[in-house]
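Participant: Structure provided below as structure tokens; questions to follow.
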Amino acid sequence: MTAARDEVLLRASQLTVARGDREVVRGVSLELCRGEVVALLGPNGAGKSTLLDALGGALVPASGRIERHGRVAVALQAPDLARRSVLANVELALAWWGVPRPQRTARARAALHTIGASELAARPAWALSGGERRRVHLARALALDPAVLMLDEPFAGLDAESRANLLEDSVSALRAAERATLVVVHDRAEAWALADRLLILIDGELVAEGPPRELLERPPTATVARFLGFDGELAQPGGETLLTRPSHVLLDPDGPFAAVVKRAIPLEDGVRLELQLDGGRLYAVAGLSGPRPGEPVRVRIEGGVRLQR
1 MTAARDEVLL RASQLTVARG DREVVRGVSL ELCRGEVVAL LGPNGAGKST
51 LLDALGGALV PASGRIERHG RVAVALQAPD LARRSVLANV ELALAWWGVP
101 RPQRTARARA ALHTIGASEL AARPAWALSG GERRRVHLAR ALALDPAVLM
151 LDEPFAGLDA ESRANLLEDS VSALRAAERA TLVVVHDRAE AWALADRLLI
201 LIDGELVAEG PPRELLERPP TATVARFLGF DGELAQPGGE TLLTRPSHVL
251 LDPDGPFAAV VKRAIPLEDG VRLELQLDGG RLYAVAGLSG PRPGEPVRVR
301 IEGGVRLQR
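Position 39 of the sequence shown, counting from 1, maps to 39 under our numbering, and the rest follow consecutively.
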């Protein structure tokens with residue numbers, strides 16, 4: 001799979017990567033282009049980190065080819081920091097990268113500012129919260145100013161508020177006209193917020209690629225659709241299956257489909273309903289006063305994707 005863009009900064013062709021005797025990534029082809037942010041998305045165990053290690057040079061592929069144009073920086077998942085100040089931690093990364101000493105402080109401060117962490121510069125690393133450590137970890141990578149920046153799950157392990165705040169600041173911080181950025185994420189909301197383009201890796205294979213909205217509206221296969229949250233299935237005439245997300249299924253007393261509520265799972269501000277129909281099972285979201293298990297309801301469907309069974 002390739003991207004229809006002009007200046008490719010990293011290209012992988014038919015990449016196969018193994019850990020020990022086990023092939024983890026198989027036959028992956030991709031391109032990262034100047035100015036874009038790409039999200040690599042997949043379930044646990046799909047091979048995302050292994051692919052990132054190979055693209056960054058930490059793992060030698062079993063087969064295939066990688067072309068890199070410019071320097072590549074990889075920020076691993078663990079935000080390990082030295083026991084010194086935040087500013088010194090970012091300067092250490094620049095020293096390792098070979099940046100001349102007179103440039104390090106200004107570049108470090110600029111990177112901290114970009115990710116909203118200027119006020120942390122003098123703080124010791126041991127005094128930081130989890131979200132603050134993540135910001136400093138990102139600042140170190142941004143300060144390097146590589147041609148290709150790759151991040152492995154930069155929002156992992158954060159509480160909901162810290163994750164939301166860091167994600168909001170990262171939307172602009174990770175975008176640069178002269179850089180290609182690849183972000184490995186596990187959560188679809190992170191990919192939607194950050195990326196121009198998604199790469200979906202399942203069982204070590206790249207199974208879909210495209211703009212987030214395009215993939216969500218037209219997933220190419222049932223496997224991709226289910227991974228993207230199409231958890232409802234309804235048999236259709238002609239051997240097709242209608243796959244739906246909860247947002248496609250609306251309770252409507254005049255709706256064309258009869259259903260029975262099998263389960264009602266409480267949410268923060270409503271309930272998630274599991275609905276049994278003659279031709280399958282759908283999911284919907286209703287208000288707190290929604291129907292209870294065992295109650296009959298009628299629904300209409302707006303959207304979804306039809307795929308051949």
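Beta carbons: idealized from backbone N, C-alpha and C, even for Gly.
A quick note: this is a predicted structure, and the numbers were derived from the prediction, not measured.
Rounded to the nearest angstrom, what separates residue 46 and residue 227 at their Cα positions?
Facilitator: Here residue 46 refers to the residue found at position 46 when the sequence shown is read from its first residue. Here residue 227 refers to the residue found at position 227 when the sequence shown is read from its first residue. If I take the Cα positions, the gap works out to 12 angstroms.
Participant: As a quick exercise: from 261, 240 and 11, pick the residue whose alpha carbon is nearest that of residue 33.
Facilitator: As a working note, residue 33 is residue 33 in the sequence shown. Of the listed residues, the one whose Cα sits closest to residue 33 is 11.
Participant: Can you check which of these residues, 285, 286 and 258, is closest to residue 276 by C-alpha distance?
Facilitator: Position 276 of the sequence shown, counted from the start, is the residue given in the question as residue 276. Among 285, 286 and 258, the Cα nearest to that of residue 276 belongs to 258.
Participant: Please list the terminal residues of the continuous alpha helix (DSSP H) segment that includes residue 49.
Facilitator: Start at 1 with the first residue of the sequence shown, and residue 49 comes out as number 49. First-last of the alpha helix (DSSP H) with residue 49: 48–56.
Participant: Taking the straight line between their C-alpha atoms, what separation do you get for residue 202 and residue 297?
Facilitator: Residue 202 sits at position 202 when you count from the first residue of the sequence shown. Residue 297 sits at position 297 when you count from the first residue of the sequence shown. One C-alpha to the other measures close to 36 angstroms.
Participant: Under 7 angstroms between the Cβ atoms of residue 303 and residue 285?
Facilitator: The sequence position of residue 303 within the sequence shown is 303, counting from 1. The sequence position of residue 285 within the sequence shown is 285, counting from 1. Taking 7 angstroms as the Cβ cut-off, residue 303 and residue 285 do not qualify as a contacting pair.
Participant: Return the chain-ordered ranges of every alpha helix (DSSP H) run that is complete within the stretch 157–228 and spans a minimum of 4 residues.
Facilitator: List check, alpha helix (DSSP H) in window: 160–173, 188–194, 212–217 and 222–227.
Participant: Can you name, in chain order, every residue of its own chain whose Cβ lies under 8 angstroms from the Cβ of residue 240, other than the five neighbours on each side?
Facilitator: Residue mapping note: residue 240 aligns to position 240 of the sequence shown, counting from 1. Cβ within range, chain order: 306, 307, 308 and 309.
Participant: So, using beta-carbon positions, are residue 194 and residue 39 closer together than 7 angstroms?
Facilitator: Taking the sequence shown and counting its residues from 1, one reaches residue 194 at position 194. Taking the sequence shown and counting its residues from 1, one reaches residue 39 at position 39. Cβ distance < 7 angstroms, so residue 194 and residue 39 count as in contact.
Participant: Could you tell me whether the Cβ atoms of residue 245 and residue 255 are closer together than 7 angstroms?
Facilitator: On the sequence shown, position 245 is the one that residue 245 refers to. On the sequence shown, position 255 is the one that residue 255 refers to. Not a contact, by the Cβ cut-off of 7 angstroms.
Participant: Sort out for me which residues DSSP pairs residue 17 with in a bridge.
Facilitator: On the sequence shown, residue 17 is found 17 positions in, with the first residue counted as 1. 25, per the DSSP bridge assignment.
Participant: What span of residues does the beta strand (DSSP E) with residue 141 cover, start to end?
Facilitator: Looking up residue 141 in the sequence shown gives position 141. From DSSP, residue 141 is part of no beta strand (DSSP E) but of the alpha helix (DSSP H) over 130–144.
Participant: From this set, 157, 17 and 155, which residue's C-alpha is nearest residue 204's C-alpha?
Facilitator: What you label residue 204 is simply residue 204 of the sequence shown in a count that begins at 1. Of 157, 17 and 155, the residue nearest in Cα terms is 17.
Participant: Can residue 365 and residue 173 be called in contact, C-beta distance under 7 angstroms?
Facilitator: Coverage of the chain is limited to positions 1 through 309, which leaves residue 365 absent and any answer about it impossible.
Participant: Are there three or more Cβ pairs, one per stretch, closer than 8 angstroms when the stretch 64–71 is compared with the stretch 144–157?
Facilitator: Counting Cβ pairs under 8 angstroms, three or more are found: they touch.
Participant: For a test of the three-state rule: what should DSSP assign to residue 99, helix, strand or coil?
Facilitator: Against the sequence shown, residue 99 aligns to sequence position 99. In the structure shown, residue 99 sits in coil (DSSP, three-state: anything other than H, G, I, E or B).
Participant: Around the Cβ of residue 214, are there at least 16 other Cβ atoms within 10 angstroms (buried) or fewer (exposed)?
Facilitator: Counted from its first residue, the sequence shown places residue 214 at position 214. That one is exposed.
Participant: Identify every residue that forms a DSSP beta bridge with residue 152.
Facilitator: Indexing the sequence shown from 1 puts residue 152 at position 152. Answer is 184, bridged to residue 152.
Participant: Can you tell me whether DSSP reads residue 120 as helix, strand or coil?
Facilitator: Within the sequence shown, numbered from 1, the residue matching residue 120 stands at position 120. Three-state result, residue 120: helix.
Participant: Helix, strand or coil: how does DSSP classify residue 238 here?
Facilitator: Taking the sequence shown and counting its residues from 1, the one referred to as residue 238 is at position 238. Helix.
Participant: Count the other CB atoms, across all protein chains shown, that sit within 10 Å of the CB of residue 129; report buried if there are 16 or more and exposed otherwise.
Facilitator: Translated into positions along the sequence shown, residue 129 becomes position 129. Label assigned to residue 129: exposed.
Participant: If you count every other CB in all the chains shown that lies within 10 Å of the CB of residue 221, and 16 or more means buried, which is it?
Facilitator: Translated into the one-based positions of the sequence shown, residue 221 becomes position 221. The residue is exposed, with fewer than 16 neighbouring Cβ atoms inside 10 Å.
Participant: Residues in the same chain with beta-carbon distance under 6 angstroms from residue 280, minus the five sequence neighbours each way, listed in chain order, please.
Facilitator: Counting from one through the sequence shown, the residue named residue 280 turns up at place 280. Excluding residues within five positions, the ones whose Cβ falls inside 6 angstroms are 233, 234 and 235.
Participant: Could you please give me the residues that DSSP links to residue 327 through a beta bridge?
Facilitator: Outside the modelled stretch of the chain, which goes from 1 to 309, sits residue 327, for which no answer is possible.
Participant: Looking at the secondary structure, which residues open and close the beta strand (DSSP E) in which residue 280 lies?
Facilitator: Residue mapping note: residue 280 aligns to position 280 of the sequence shown, counting from 1. It spans 280–286 - the beta strand (DSSP E) in which residue 280 sits, taken as one unbroken run.
Participant: Inspect the beta-carbon positions of residue 225 and residue 243 and report whether they are closer than 7 angstroms.
Facilitator: Walking along the sequence shown from the start, residue 225 turns up at place 225. Walking along the sequence shown from the start, residue 243 turns up at place 243. In this structure, residue 243 lies closer than 7 angstroms to residue 225 by Cβ.
Participant: Closer than 8 angstroms by C-beta to residue 103: which residues in its own chain qualify, once you throw out the five before and the five after it? Chain order, please.
Facilitator: For the purposes of this step, residue 103 is taken as residue 103 along the sequence shown, with counting starting at 1. Within the same chain, residue 103 has close Cβ partners 94.
Participant: Taking all protein chains shown into account, decide if residue 278 is buried (16 or more other Cβ within 10 angstroms of its Cβ) or exposed.
Facilitator: What you label residue 278 is simply residue 278 of the sequence shown in a count that begins at 1. Classification of residue 278: exposed, given that the 10 Å Cβ count is below 16.
Participant: Got a sec? Which residues, its chain only, sit under 8 angstroms from residue 118 by beta carbon, not counting five neighbours each side?
Facilitator: Here residue 118 is taken as the residue at index 118 of the sequence shown, counted from 1. 109 and 112, listed in sequence order.
Participant: Check whether the Cβ atoms of residue 260 and residue 48 sit closer than 7 angstroms, and answer yes or no.
Facilitator: Position 260 of the sequence shown holds residue 260. Position 48 of the sequence shown holds residue 48. No, these two residues do not count as a Cβ contact at 7 angstroms.
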